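If you're matching positions, the sequence shown starts at 976 in the numbering used here and goes up one per residue.
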Amino acid sequence: MTTSDSPRHVIVIGGGPAGLMAAERLAQAGVSVDLYDAMASVGRKFLLAGKGGLNLTHSEVRPDFDTRFFERQPHVAAWLDRFDGEALRAWAAGLGVETFVGTSGRVFPQSLKAAPLLRAWLSRLRGQGVRFHMRHRWLGWTDDGGLRFQGPDGEHQSRADAVVLALGGASWPQLGSDGAWAPLLSGVGAEVAPLRAANCGFDLGPRRLDAAADAAPGWSPFFAEKFAGQPIKPVALSAEGVEGRRFARQGEFVVTATGIEGSLVYAASALLREAIERQGEAVVHLDLLPGRDTDWVVEQVAYPRGSRSLSSHLKSRLNIEGLKAGLLHEVLSKEEYADPAILARTLKALPLRLRAARPVAEAISTAGGVRLESLDAQLMLKARPGVFIAGEMLDWEAPTGGYLLTASMASGLVAGEGAAAFLA
C-alpha cells in the first residue's frame, strides 16, 4: 500500500513522455507523486524511437504546426498553447540538452541520442520527490475506488487523491503499450474509439488497377525477393481520400515484402487508412521522376532508341533502373510497357492499390482511444472526476517528424496541471 505524508497525492500510471511530464508538473506544484509502470524501466518506446536520432519536435511555426493534427487540431492547439515546440526546446535546454534544426525542419538533440535526455529528466524528477514503482501493471479499480496493481510480489491496492493515466496506445506492445486499458476505461463510462494503426505501412492489393477483385494481392515473388527492404527515392506520392481529402508530397519510402512503408507513407497513413476502411482499398500514384515535367518525360521516352533495348533506353535517357524499373514491370503488361504514351504516363503516375494497413502492433503510433469529448479541457474524465488521461491513450493522431512527441508531452503537461488544479 502506497502511503504519503502529503495531503495531496497523485498516482501517475505510465512512464512514457506524457506520464513523465504529468509527474513533473505535479511535483512542481508541490504534489506528492508516485509513478507506476508495467515495464522494468520507464521510457522504453522513447529510447527505441531515438535509436536513429531522437526527433524531439519540428521547427514548423504555428499555426501551420497545428494543422498536422487533422480534425483534432482545435483540441491539440489548446495543449500546444501551454507547451509547443519552442517550449519543448527550452525545456530540453533546462536539462542541459541543446538542440538543432535539421535540413528537414526536424529538431534533434545535439548528440542525437535519447538516453542522456532521459537520464537527466529522471534525475530531476527524483530530485523533485517523484517515486517510481516498476513492474507494476495496472488492473483497474476496486469497488470502492482504489487502484489495483499486479506487482512483483502479487496484487495490491493503492489510493490517491487523483490519478493520471498515460498508458500509451497499442503500438509496440513489447515495450509496454498494449491497449489493455481500453475495456477498463469503457467500463467506467469513457467513450473509447477502436485502436487503429497510425504512421504505419500498408499491404498491397492486386498490382494492376484493372485486375479482378479476387486477383492475388502483393508483389510478384521475383520483385519481393529482389527489392524488399530497398528505399525508393526521389519519388512523389499522391492520393485521394474520402470526402475530397488529398495528399501530395515528395520524399522517400521503402518497399516491403508485402507492400510499402516509410516516412512518405506514414505521412499519408491517416488518409489511406480511412479510404481503406470506407472503400475497401486506397490507390496511391507515384511520380518516379518528380524533378521532371510530363512533356520532358514524353519526349525522352519517345526519343529514337535504335538497337538498344527499352530498359537500356530508360536507363540512359531517364535514369530509370533497378527498383523503379521493377515497379513499371509490376503494374504494366508487356504491351503497355512497349507503348510510349502509356509508359510515359505511368512514369509520372504509377498506380498502387493498397488493401490493408499493417497490424497496429507494428505501427509507430496509434489512432483511436479515449474520445476527447469524454474529457473536460483539463483532460479529466467527465464520468470519473479525479481521473486524468494523457498521451496516446487519447483519440488523436499526428505524423512523425516531432509532432507526435510534442503533443504527447503537451497533453501530459495539461493533465498534470489539471490534476493539480483539481486538488487545489
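Quick reminder that beta carbons are idealized off the backbone N, C-alpha and C, glycines included.
Nothing here was measured: the structure is a model prediction, and the numbers come from that model.
*asked:* Which runs of the beta strand (DSSP E) at least 3 residues long sit entirely within the region 1114 to 1173? Give them in chain order.
replied: Uninterrupted beta strand (DSSP E) stretches at least 3 residues long and entirely within the region 1114 to 1173 occur at 1122 to 1126, 1129 to 1133, 1137 to 1140, 1167 to 1173, given in chain order.
*Might you give, ordered along the chain, the residues of its own chain that have their beta carbon closer than 7 Å to the beta carbon of Glu1274, omitting 5 neighbours on each side?*
Cβ-Cβ distances below 7 Å link Glu1274 to nothing in the same chain once the five nearest sequence neighbours on each side are left out.
*Opening and closing residue of the beta strand (DSSP E) in which Tyr1241 lies*: Per DSSP, Tyr1241 lies in no beta strand (DSSP E); the unbroken alpha helix (DSSP H) holding it starts and ends at 1238 to 1242.
*Got a sec? Which residues, its chain only, sit under 7 Å from Met1384 by beta carbon, not counting five neighbours each side?*
Cβ within range, chain order: Pro992, Ala993, Met996, Phe1058, Leu1063.
*Residue range of the beta strand (DSSP E) that Val1362 falls in?*
In the DSSP annotation of this structure, the continuous segment of the beta strand (DSSP E) that includes Val1362 starts and ends at 1362 to 1364.
*With Phe1197 as the anchor, note down where its alpha helix (DSSP H) starts and where it stops.*
1196 to 1202 is the extent of the alpha helix (DSSP H) around Phe1197.
*Using DSSP with H/G/I as helix, E/B as strand and the rest coil, what is Phe1058?*
Reduced to three states, the DSSP call for Phe1058 is coil.
*Tell me where the beta strand (DSSP E) around Pro1225 begins and ends.*
Rather than Pro, the amino acid found at residue 1225 in this sequence is Gln. Segment 1221 to 1230, the beta strand (DSSP E) holding Gln1225.
*Decide yes or no for the touch test of the region 1114 to 1133 against the region 1326 to 1336: beta carbon pairs closer than 8 Å, at least 3 of them.*
The region 1114 to 1133 is not in contact with the region 1326 to 1336.
*Please report how far the alpha carbon of Leu1100 lies from the alpha carbon of Arg1000, in whole angstroms.*
One C-alpha to the other measures close to 10 Å.
*So, is Asn1174 buried or exposed, given that buried needs 16 or more other C-beta atoms within 10 angstroms?*
Buried: at least 16 other Cβ atoms inside 10 Å.
*Assigned exposure category for Ile1235 - 16 Cβ within 10 Å defines buried*: Around the Cβ of Ile1235, a 10 Å sphere holds 16 or more other Cβ atoms; the residue is buried.
_Could you check if His1050 belongs to the surroundings of the ligand ATP, using beta carbon to heavy atom distance under 8 Å?_
No copy of the ligand ATP appears in this structure; indeed no ligand is present at all.
_Cutting at 6 Å between CB atoms, please list the residues of its own chain near His1050, excluding the five before and the five after it._
These residues qualify, in order along the chain: Leu1347.
*Identity of the residue in Tyr1011, Gly1237, Phe1222 nearest Ala1203 by Cα*: Distances from the CA of Ala1203 to each of Tyr1011, Gly1237, Phe1222 were compared; the closest alpha carbon is that of Gly1237.
_Local Cβ density within 10 Å of Val1402, reported as buried at 16 or more and exposed below that_ = Summary: the structure shown does not reach residue 1402, with the chain confined to residues 976 through 1399, and so no result is reported for it.
_Restricting to runs no shorter than 3 residues, where is the beta strand (DSSP E) found entirely within the region 1345 to 1396?_
Unbroken beta strand (DSSP E) runs of no fewer than 3 residues, entirely contained in the region 1345 to 1396, are found at 1362 to 1364, following chain order.
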